[in-house]
């Protein structure tokens with residue numbers, strides 16, 4: 002079953018064309034890694050999927066439903082945009098935790114805000130839902146190995162721990178597709194490992210994920226499908242074996258060669 | 007001794023007026039400043055241009071002139087007359103006189119202009135990532151502002167705000183130019199009788215008040231020390 006389908010996605014900033022027609026699809030429960038050098042359009046692609054950038058052309062469908070049609074995007078109401086965004090989850094390179102909230106509140110802020118303004122719920126139902134959200138947040142926190150940090154503030158924990166909280170924050174909203182934008186690029190090598198381990202563990206189950214990454218070994222191990230982007234197009238797409246062990250295009254060969262340099 | 011107590015009583019009365027002017031100015035100018043800062047940052051060009059001009063005029067002319075203008079101009083131009091309180095409670099009616107209301111209006115508008123620039127600086131210093139994190143979590147613009155951005159802004163602007171607010175309590179003395187009976191006005195009354203020292207006593211009132219404010223601002227800063235932003 003196809004979970005994510007992207008057709009002819011295009012995006013320019015001024016006269017610079019960053020995405021020059023992206024087409025691909027992703028099956029449910031699969032993990033897609035997007036690799037490529039800086040400036041190849043990977044992050045822009047992810048930002049378009051999460052409606053942080055408006056695409057100029059093309060469509061994005063999730064679970065068979067068109068959620069982004071570039072021609073219509075100007076007409077979406079704020080409410081529609083929020084609902085569309087919730088189909089996607091996004092974990093940022095810079096974590097972007099809310100500094101004034103402790104770890105647990107960072108995770109529960111958005112869902113609790115949603116419950117509080119739901120007029121169809123009685124006071125008791127709201128209290129019940131909020132308790133449920135908190136206990137779910139604790140479970141998720143445990144699953145990323147941070148139970149004991151629930152009441153710590155972001156400035157009191159390491160970058161790797163912050164990123165794991167950010168992952169938990171995305172998970173609690175149960176997105177259909179979870180996206181990662183270079184989740185370990187701001188981390189030391191040691192901290193990178195703990196974050197990658199958590200992402201790898203998420204693979205078990207039905208989770209569909211799109212990961213923009215510079216960690217080649219990780220992409221090779223965790224992905225079902227790999228896309229290599231260069232200059233705003235998909236230069237090559239295939240299984241990890243095809244991409245890493247049997248690259249066809251010259252650009253991909255050069256990219257892999259460079260990333261294997263050990264100085 | 008009787009003379010001393012008499013002076014202190016009069017000065018205290020003036021001080022109460024000054025402090026009332028101070029608090030009501032804050033109460034009005036803080037939200038008004040926030041609104042002006044939103045207008046200045048608006049993507050709708052005519053609105054942001056207009057609010058920039060307003061801020062320019064308010065910061066570019068003396069506050070004393072603005073106090074005069076706001077007190078006298080509406081009457082001179084036959085626009086409206088500043089209302090006179092008439093509750094029958096004498097203290098209330100004389101304290102919140104027509105002149106007091108006019109001075110309050112002038113201060114509130116003037117300080118809102120200064121505050122708006124401090125708010126703008128604070129809001130624009132918050133990283134785009136904080137907004138985007140709220141957006142991908144499905145929060146509305148106002149939820150993002152009030153639940154995520156605002157407290158971070160408050161933390162950052164406490165030092166410049168405390169500067170402005172300390173200036174405000176001393177600027178309330180400008181109200182004496184339209185005969186609002188605040189602290190300096192009362193002290194000057196004694197000067198006419200040949201007494202200079204009440205003026206310095208008035209200075210002590212301001213000094214103590216600013217001391218209290220300083221302690222409060224330090225407390226607020228400490229209170230927000232638990233997070234880094």
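Residue numbers (my numbering), protein chains in the order written: chain V, 2 to 264; chain F, 7 to 235.
Even glycine gets a Cβ: it sits at the ideal position worked out from N, Cα and C.
Predicted model, so just to flag it, every value in this text is computed and none were measured.
- [ ] Tell me, please, whether the CB atom of residue 130 of chain F is closer than 8 angstroms to any CB atom in chain V?
- [x] Cβ-Cβ to chain V under 8 angstroms: no for residue 130 of chain F.
Task: Beta-carbon proximity of residue 73 of chain F to residue 180 of chain F, cut-off 8 angstroms - done: Closer than 8 angstroms, so yes.
Task: Below-8 angstroms beta-carbon distance, residue 99 of chain V vs any chain F residue - done: Using beta-carbon distances, residue 99 of chain V counts as an interface residue toward chain F, with a partner under 8 angstroms.
Open item on the list: Short of 7 angstroms in beta carbon distance, which residues of its chain neighbour residue 162 of chain V, apart from the five on each side in sequence? Order them along the chain.
Closed with: Excluding sequence positions up to five before and after residue 162 of chain V, its CB lies within less than 7 angstroms of the CB of 147, 150, all in the same chain and listed in chain order.
Task: chain V contacts from the segment 145-168 of chain F (Cβ-Cβ distance under 9 angstroms) - done: Answer in chain order: 145, 146, 147, 149, 153, 154, 157, 158, 161.
Task: Inter-residue Cα distance where the pair is residue 160 of chain V and residue 202 of chain V - done: Straight-line Cα distance between these residues: approximately 19 angstroms.
TODO: Name the one or two DSSP bridge partners that residue 34 of chain V has.
DONE: The partner list for residue 34 of chain V (beta bridge, DSSP) reads V:212, V:227.
- [ ] Might you give, ordered along the chain, the residues of its own chain that have their beta carbon closer than 8 angstroms to the beta carbon of residue 41 of chain V, omitting 5 neighbours on each side?
- [x] So the qualifying residues of the chain are 230, 231, 232, 233.
Open item on the list: Can you give me the C-alpha to C-alpha distance between residue 261 of chain V and residue 208 of chain V, rounded to a whole angstrom?
Closed with: Computed Cα separation, rounded: 30 angstroms.
Task: Proximity test, Cβ basis, 8 angstroms: residue 256 of chain V and chain F - done: Contact with chain F is absent for residue 256 of chain V, since none of that chain's Cβ atoms lies less than 8 angstroms from the residue's Cβ.
Open item on the list: Using 8 angstroms as the threshold, is the C-beta distance between residue 156 of chain V and residue 234 of chain F below it?
Closed with: Against a cut-off of 8 angstroms, the Cβ pair of residue 234 of chain F and residue 156 of chain V comes out as a contact.
Open item on the list: Rounded to the nearest angstrom, what separates residue 33 of chain F and residue 90 of chain V at their Cα positions?
Closed with: Straight-line Cα distance between these residues: approximately 41 angstroms.
- [ ] List the residues of chain V whose Cβ lies closer than 8 angstroms to the Cβ of residue 136 of chain F, in chain order.
- [x] Chain V residues near residue 136 of chain F: 97, 99.
Open item on the list: Based on DSSP bridge pairs, tell me the residues matched to residue 41 of chain F.
Closed with: Under DSSP, residue 41 of chain F forms no beta bridge with any residue.
Task: Expected contact under 8 angstroms - CB spacing of residue 92 of chain V and residue 171 of chain V to nearest Å - done: Their Cβ separation, rounded to whole angstroms, is 5 angstroms, which keeps residue 92 of chain V and residue 171 of chain V in contact under 8 angstroms.
Task: Proximity to residue 65 of chain V [Cα-Cα], best of V:139, V:26, V:19 - done: Ranking the options by Cα distance to residue 65 of chain V, first place goes to V:26.
TODO: Give me whichever residues DSSP pairs with residue 11 of chain V in a beta bridge.
DONE: Under DSSP, residue 11 of chain V takes part in a beta bridge, and its partners are V:21, V:58.
TODO: Figure out for me which residue from F:12, F:18, F:11 has the closest Cα to the Cα of residue 189 of chain F.
DONE: Nearest of F:12, F:18, F:11 to residue 189 of chain F, Cα basis: F:18.
TODO: Determine, using beta-carbon pairs with one atom in the segment 236-247 of chain V and one in the segment 53-66 of chain F, whether at least three such pairs fall under 8 angstroms.
DONE: Pairwise C-beta distances place the segment 236-247 of chain V out of contact with the segment 53-66 of chain F, as fewer than three of them are shorter than 8 angstroms.
Open item on the list: Using 8 angstroms as the threshold, is the C-beta distance between residue 101 of chain F and residue 23 of chain F below it?
Closed with: In contact: residue 101 of chain F and residue 23 of chain F (Cβ atoms closer than 8 angstroms).
Task: For residue 239 of chain V, the first and last residue of its enclosing beta strand (DSSP E) - done: That run of the beta strand (DSSP E) goes 234-239.
Open item on the list: Under 9 angstroms, CB to CB, which of the residues in the segment 190-214 of chain V have a partner in chain F?
Closed with: Of all residues in the segment 190-214 of chain V, none has a Cβ within less than 9 angstroms of some Cβ in chain F.
Open item on the list: Is it buried or exposed, residue 90 of chain F, if we count other Cβ atoms within 10 angstroms and call 16 or more buried?
Closed with: Burial state of residue 90 of chain F is exposed, judged by a 10 Å Cβ sphere holding fewer than 16 other Cβ atoms.
Task: At least three beta-carbon pairs within less than 8 angstroms, the segment 179-186 of chain V to the segment 44-62 of chain V - done: Yes, the segment 179-186 of chain V is in contact with the segment 44-62 of chain V.
TODO: Please determine, among V:246, V:193, V:235, V:225, the residue with the shortest C-alpha to C-alpha distance to residue 94 of chain V.
DONE: Considering only V:246, V:193, V:235, V:225, the residue with the shortest C-alpha distance to residue 94 of chain V is V:193.
TODO: Could you name the residues of the segment 108-133 of chain V whose beta carbon sits closer than 9 angstroms to any beta carbon of chain F, in the order they occur along the chain?
DONE: So the close ones are 110, 111, 112, 114, 115, 118.
TODO: Mind checking who residue 181 of chain V pairs with in its DSSP beta bridge?
DONE: V:92, V:212, per the DSSP bridge assignment.
- [ ] Flag residue 93 of chain V as yes if its beta-carbon sits less than 8 angstroms from any beta-carbon of chain F, otherwise no.
- [x] Yes - at least one Cβ of chain F is within 8 angstroms of the one on residue 93 of chain V.
- [ ] Kindly list, in the order they appear in chain F, the residues whose Cβ is closer than 8 angstroms to that of residue 174 of chain V.
- [x] What residue 174 of chain V touches in chain F: 143, 144.
Open item on the list: Using a Cβ-Cβ cutoff of 8 angstroms, what residues of the segment 59-87 of chain V are near chain F? List them in chain order.
Closed with: If you check each beta-carbon in the segment 59-87 of chain V against every beta-carbon of chain F, the ones closer than 8 angstroms belong to 79, 83, 84, 86, 87.
TODO: With 7 angstroms as the C-beta to C-beta threshold (strictly closer), list the residues of the segment 146-162 of chain V near chain F in chain order.
DONE: Flagged, chain order: 154, 156.
- [ ] Ignore the nearest five residues each way along the sequence and tell me which others in residue 37 of chain V's own chain have a CB closer than 6 angstroms to its CB.
- [x] Here the set comprises 43, 229, 230, 231.
- [ ] Kindly list, in the order they appear in chain V, the residues whose Cβ is closer than 7 angstroms to that of residue 226 of chain F.
- [x] Here the premise fails: no neighbours, minimum Cβ distance about 14 angstroms.
- [ ] List the endpoints of the continuous alpha helix (DSSP H) containing residue 175 of chain F.
- [x] Counted as a single uninterrupted DSSP element, the alpha helix (DSSP H) harbouring residue 175 of chain F occupies residues 156-177.
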